[in-house]
Amino acid sequence: MLKRSEIKVLVLTGDGINCEQETALAFKELGVDAQIIHIEDLIIKKELLKSAHILALPGGFSFGDEIGSGQILALKLKYSLGNEINEFIESKKLIIGICNGFQALVRMGLLPKPFENRVLTLTHNDQGHFINRWVDLEVPDSVCAWTTDLKGEKLILPIRHGEGRIVFKGNQVEQENCYHNLCEQRQVAMTYADNVNGSYQNIAGLCDPSGLIFGLMQHPEAAISMWQYPSGKDKSYEKGLGILIFESGLKYCENNL
Amino acid sequence: MSNTYRFEIYPNDSQLNNISASESSTKKWLKDYMGLTITNLWEIRFFLIESRNKIINIHEKVEEVLTDNVTECLLSSESENLLDVHSWLQKKGFKNPFLIERYFRPGVTDNSAHATHDALKLIPDLKNEDFTVSSGLMYFIEGIDLTHELIVNLAYEKFANLLLHRIDITRPEQLYLNNRFVSINLPKVQMTSSPVELINFNQNDDELLKMNSKNCWALSLSELHQIKDYFNSFKRDPTDVEVEILAQTWSEHCKHKIFAAGINYSEEKLPQGVKALGSFKVDGLFKTFIRGSTLKIKEDRKLPWLISIFHDNAGIVRFDDKLDICIKVETHNSPSALDPYGGALTGILGVNRDIYGVGLGAKPIANTNVFCLAESKYFKSHNLALPLLLKNPDRIKEGVHLGVQDGGNKSGIPTVNGAFVFDRDFVGKPLVFCGTIGVIPQIENNDVTCNKGQKVGDYIVMAGGRIGKDGIHGATFSSMELLDGVPASVVQIGDPITQKRLGDFLIEARIKGLFTSVTDNGAGGLSSSVGEMAQITGGAEIDLEKALVKYPGLSPYELMISESQERMTFSVNPHFVEEFLSLAKSRHVEASIIGSFTNSSKLIVRFEQKIVAELSLNFLHEALLPMKLSAHFDMSKKSTHWINKKIQKLVLPKGDYKKILFDLFMSSNIKSQEHLIRRYDHEVQGATIVKPFTGSKEVGFNAPSDAGVVWMKPHGGGEKNALAIACGIAPKISEYDSYLMAEYALDEAVRNAVSTGANPDEMVLVDNFCWPDPLPSERNPDAHLKLAHLVRASKAIHDLSLAYRMPFVSGKDSMKNDFIGAMDNGEQVKISVPPTLLITAMGRIPNLNMITTSEIKNTDSLVYLIGDDLKASTSAFELALLYDDYKIERPLQYINGKKQLDLYRSLHKSMREGLVESSHDISDGGLLIALAESMMGTMLGLDLSLDNIKDLKENQLNGLFFNEGTGRFVVTVNKLNQKEFEENLSGHIFTMLGKTDISGDLKISFQDKVILNVHGKDCLAHYRIEAKEMDRC
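Chains A and V are the protein sequences, given in the same order.
Okay, so the first sequence: first residue is -14 according to this note's numbering, each after it adds one.
Okay, so the second sequence: first residue is 470 according to this note's numbering, each after it adds one.
Dropping the structure here:
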């Protein structure tokens, strides 16, 4: 059993990642030590991953989103930290990828299932462009460790992406099979209440079969205080629901690591 | 290098039948703007690679890097069956398509290629290979009656910019040959450096002026004489490097000569109701009116929070207990006219660098942007031809919007506030204003951060991007009118990822205390950045060959003045230089020591050990003599407009207020631009409290906010502290009086900030003037009048800022916003922008509880009009734009500044006390628009009566509803707070109009008759006439 103050979070930065400060702030608000670390420094000090419990890949435009969102970051992580990340996963620690971080996890092949062939991708929104708006979300029953405090909730969070549409590999039947597989394994962790970008069955967030690796397109770190909410009437010094994602992750660490 | 490869990325089998949104919108574009029916269009990305050695299995390696195997597949010059593409084309329904390929021209920034190069280098087998990459786009296209000529036209109209791209077209019958996979040519820069030349200045005036225009120096005759005399005193000719340095440093862009000039102002035949200023002499508009008012305010108010104003790259104020706040707003008009995307992108990245370059380097936390543009539909619906070579205004709009979108989003800086302004006279030169707010800890490493600390002996280190031919003569070019045939080198594309790395590195190095000073390389390149930094130590020496270059062949003068982007110049103590350079290396930021700071009183430039420039700093910075100009204000002499045709406008539907309201909601300056604004990330960094649109979860977030509000806590500042950022701009009023225009702009910015909860006693201003050329010349016969407008606008913000007691902390001017070209009949035409002033206001919200948004929040609340009801004036400027039979009448409504400030303070007091539920400023379109807008967020209703408006007559309703003025708001207040709220406002004009209710209707009664009843949904539908396109998915 870990005490909250003992939980170590690594928040990745560098190469165009740009949500590292607010992602770290979300963890810090909950009383944990979140260290922002540049990828290059982590490559030199790989052992930091051994002592960490949570690895967070924040949002941003890594490598300018050229070629494909998250693609080059994924290659970089795979070739420079691949073994260490695999070890991290095998030791049942937590990974969260938000927006560009989700895209990188998918491109690395860690979602929806690590160490297997890729079956899905995140590609251009149906609208064909970037979009920033708050959307309604639902939290279905899933194995995800990052949404335990939110199960069954309806909430709003901001999306800020141009490539957030989930597409499965193969023909229609293969795609349906993939999706049913995910549902059966209870890996669909969050869905949009409406069709906001053309994502398959409105999938907004996915976890791996263990529930420990979580990727989501929406930004919970931008909804940790009610001041950040978009409606004037909601604004107050209360906490926002986005913080419960981080809280859920920390609770897992406290209870399991 | 001799091994070349070509790679094309296609959707795989399962994705083949999808048509992308960009393909559909391109088809629609070509139909709407060129009348072409495109039946099939397919956009494909391609990459070219050239390598020193043959790379084994390159197809597989590139496939891993460039394709997403879930949705894509790769076809390459190494593929076995190139005919695959033809079967795919068939499956997509193509019969005989043309192929358009778009390559970059040599030397143009190719971000995709850079990223691909970096990515390929991550593959272990490729780490040691030497190769270059180039990227491009190709379009298979077929349609009805497409000819080769039409294809060329549409390619340059929609897909490419002649200055940046090369187009190759393959005719349908040649497509099967697949020639593009055989002859593969990457764009290469091929130049040879020209040696340093001595320039003979001992020539007659005609010859000097000829040299001047041939070399793009943009110097005046008297400046040419000064240079001649200076070098004659040393008995030598100047080198080309020296003249170029002087031309850049002395450019209008860098030295603001018009704002520094001595001006004789006079006026005559002022119509009644236009403010008379009398005749006077002003010794520098900037010194007298802008810095003048600010210094006076600073002294009178003994302001402790004005930390650094006017002299650094941005203004610095202390609106937080821990942080200092910096603000700067820039324009990038001429580059945006030539290449809208690149111009706007480099504009936003450029102003970000001003923030990185202020004090010891601040972190950007918010962007603003304001566009002044024209709309294609105006010219189309009135059957007006545009001059040759002018870009379609809608394409300019698309381009500048995408540039700001990419620049802000990819840098992780939220765009929190801005505006779109439309006028036909922005068709020649669009105005692109980009602003940035930044933060810096007040104290770091036991030192204040607001001062620059370069010392004699510090190294000069250039870091970030490399130098290329791009952006040469940008500073002098922006000081010239836009003429056909400008050199392509002034156009450049920004590289957000290089800048993001540079910015991240800069902040990290600052925290570690690795440098003593920093500034950005903007206009004038090294000549300006080093030249300016050298003033503090009293000298500098540089060795130009040490600067990193994009390609060989640059001449010394080009190295010195190139404005290649994403570069900062640092001063680094030799003791820390190793650590500085090694941190840079580990962050993939290129840096090189190019010289050192001295106290020789000289700027010395060497190239390969030989001195190529030696200039006294005093001559460089202090020798310039102020110009003497005269300004004359005579409104009876109307300058002829380039459109000489009578424009048919609508007829005012008198008494049908609903119709007028809807007409207004759909008009250019009022309709929602949400579909464009939502493509900017406005809340990255997690600190944007008030966003561009507001509303409720149930109804949606589609109603406009008055200002952006940024929370300081996520940036390391006060837990409860925030800043409001707002803007004001009113070029439509310049034709009546630019003094009034400037008042409107300033008041609108302040009013928007106050409306959101900012304290008027903790507020600063930034001015940005964009003017038509006010210097007399043969081509510019009415320069005296344009200069008079400038004097009046400057005087107005002087007077009003003094009355509001709000200092200016930064500002900029752009003085040559004219286009000169020809119509297709050969007739010369000149299009000048209307005199335009943007004011940006930044105010402190000392406690988040004071934040007030514009949407109505509760039923049964009281609704107030704060400020004058304006029923008796005729100042509905938007109606004058819409309707033929509506004319503005004098007297114009000038502001009583002192009284206005008092009102703002009173309203703020109520916000401080939590008495105000919602507040929305009354701006373009007047009262009715503001009322409707404040309902649209929540769809609650307004049940209003006009009986509280004293002596209101029926023929004044139009004025009451649509007149525009300053200092007015619509606010709602809980009725339990009525007494306290009204007491706070005692002595000011305000009217209680009625109550909010659940109905969703805006219902207005007058003398017991309902004269308007309209549902918020209908208002919203008209307001979102264009924005609704974002709803489809």
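In this text, a Cβ means the ideal position worked out from N, Cα and C, and glycines have one as well.
These figures come from a predicted structure and were not determined experimentally.
| Check | Outcome |
| --- | --- |
| Rounded to the nearest angstrom, what separates V/Leu1339 and A/Pro125 at their Cα positions? | 56 Å |
| Can you tell me whether V/Asn1424 is helix, strand or coil according to DSSP? | helix |
| I need the straight-line Cα distance from V/Ser546 to V/Val531, nearest angstrom please. | 12 Å |
| Return the CA-CA distance between A/Leu(-13) and A/Leu33, expressed in angstroms with no decimal places. | 18 Å |
| Who pairs with A/Lys139 in a beta bridge, going by DSSP? | A/Glu123 |
| Which parts of the stretch 1144 to 1183 of chain V are runs of the beta strand (DSSP E), unbroken and 3 residues or longer, counting only runs that do not cross its ends? | 1157 to 1159, 1162 to 1165, 1169 to 1173, 1177 to 1180 |
| Using the C-alpha atoms, what's the distance from A/Lys63 back to V/Ile1146? | 36 Å |
| Below 8 Å on C-beta distance, what does V/Asp537 contact in chain A? | Gly53, Gln56, Arg92, Thr106, Thr108 |
| Are the stretch 822 to 836 of chain V and the stretch 795 to 805 of chain V touching by the rule of at least three beta carbon pairs closer than 8 Å? | yes |
| Would you say V/Ala806 and V/Pro910 are within 8 Å of each other, going by their C-beta atoms? | no |
| Express the C-alpha separation of A/Gly16 and A/Glu(-9) in angstroms, rounding to a whole number. | 10 Å |
| Does the distance from the C-beta atom of V/Leu933 to that of V/Pro1043 stay below 8 Å? | Residue identity check: residue 933 of chain V is Gly in the sequence provided, not Leu. Cβ distance not < 8 Å, so V/Gly933 and V/Pro1043 don't count as in contact. |
| Quick one: which residues of the stretch 13 to 27 of chain A get their C-beta closer than 8 Å to a C-beta of chain V? List them in chain order. | His23, Glu25, Asp26 |
| Where does V/Lys1118 sit, in a helix, a strand or coil, going by DSSP? | coil |
| Around the Cβ of V/Leu485, are there at least 16 other Cβ atoms within 10 angstroms (buried) or fewer (exposed)? | exposed |
| Pull up the distance between the alpha-carbon of V/Thr905 and that of V/Gly940, whole angstroms please. | 22 Å |
| Could you check whether the Cβ of A/Glu69 sits closer than 8 Å to any Cβ belonging to chain V? | no |
| Would you call V/Arg640 buried or exposed, if buried means 16 or more other Cβ atoms sit within 10 Å of its Cβ? | exposed |
| In the DSSP assignment, find the beta strand (DSSP E) that holds V/Asp1390 and state where it starts and stops. | 1385 to 1390 |
| Cβ closer than 7 Å: which chain V residues qualify as neighbours of A/Leu60? | Val534, Ala588, Leu591 |
| Span of the beta strand (DSSP E) holding V/Met1284? | Taken as a continuous stretch (DSSP letters only), V/Met1284 belongs to no beta strand (DSSP E), as it is neither H nor E. |
| I'd like the list of long-range same chain contacts for A/Tyr164, defined as Cβ closer than 7 Å, with 5 residues on each side in sequence excluded. | Phe153, Tyr185, Gln186 |
| Who are the neighbours of A/Trp131 on chain V, taking C-beta pairs under 9 Å? | Within chain V, no residue comes near A/Trp131; the closest Cβ sits about 18 Å away, beyond 9 Å. |
| Excluding five sequence neighbours on each side, which residues of the same chain lie with their C-beta closer than 8 Å to the C-beta of V/Leu1361? | Gly742, Val743, Lys744, Tyr1205, Asp1206, Leu1209, Ser1344 |
| Which residues does DSSP list as the beta-bridge partners of V/Leu859? | None; V/Leu859 has no bridge partner. |
| Rounded C-beta distance between V/Met1029 and V/Ser996? I'm assuming under 8 Å. | 5 Å |
| Going along chain A, which residues have a C-beta under 8 Å from V/Ser1387? | Gly217 |
| To the nearest angstrom, report how far apart A/Lys218 and V/His1457 are at their CA atoms. | 28 Å |
| Can you list the residues of chain A that V/Asn597 reaches, using a CB-CB cut of under 8 Å? | Going along chain A, no residue has its Cβ under 8 Å from V/Asn597, so there is no contact; the nearest lies around 14 Å. |
| Helix or strand or just coil, what does DSSP make of V/Leu1413? | strand |
| Using the C-alpha atoms, what's the distance from V/Leu818 back to V/Leu951? | Confidence in V/Leu951 is poor, its pLDDT being 47 and thus under 50, which makes the residue's placement too unreliable to answer from. |
| In three-state DSSP terms, what is V/Ser1040? | strand |
| Are V/Gly963 and V/Tyr1020 touching if we call contact CB-CB under 8 Å? | no |
| Could you check which residue in V/Asn654, V/Met1096, V/Ser483 has the C-alpha nearest to that of A/Glu159? | V/Ser483 |
| Within a Cβ cutoff of 6 Å, which residues of the same chain sit near V/Glu477, ignoring the five residues on either side of it in sequence? | Ile513, Phe515, Leu544 |
| When the distance is taken between beta carbons, is V/Glu1324 closer than 8 Å to V/Ser1387? | yes |
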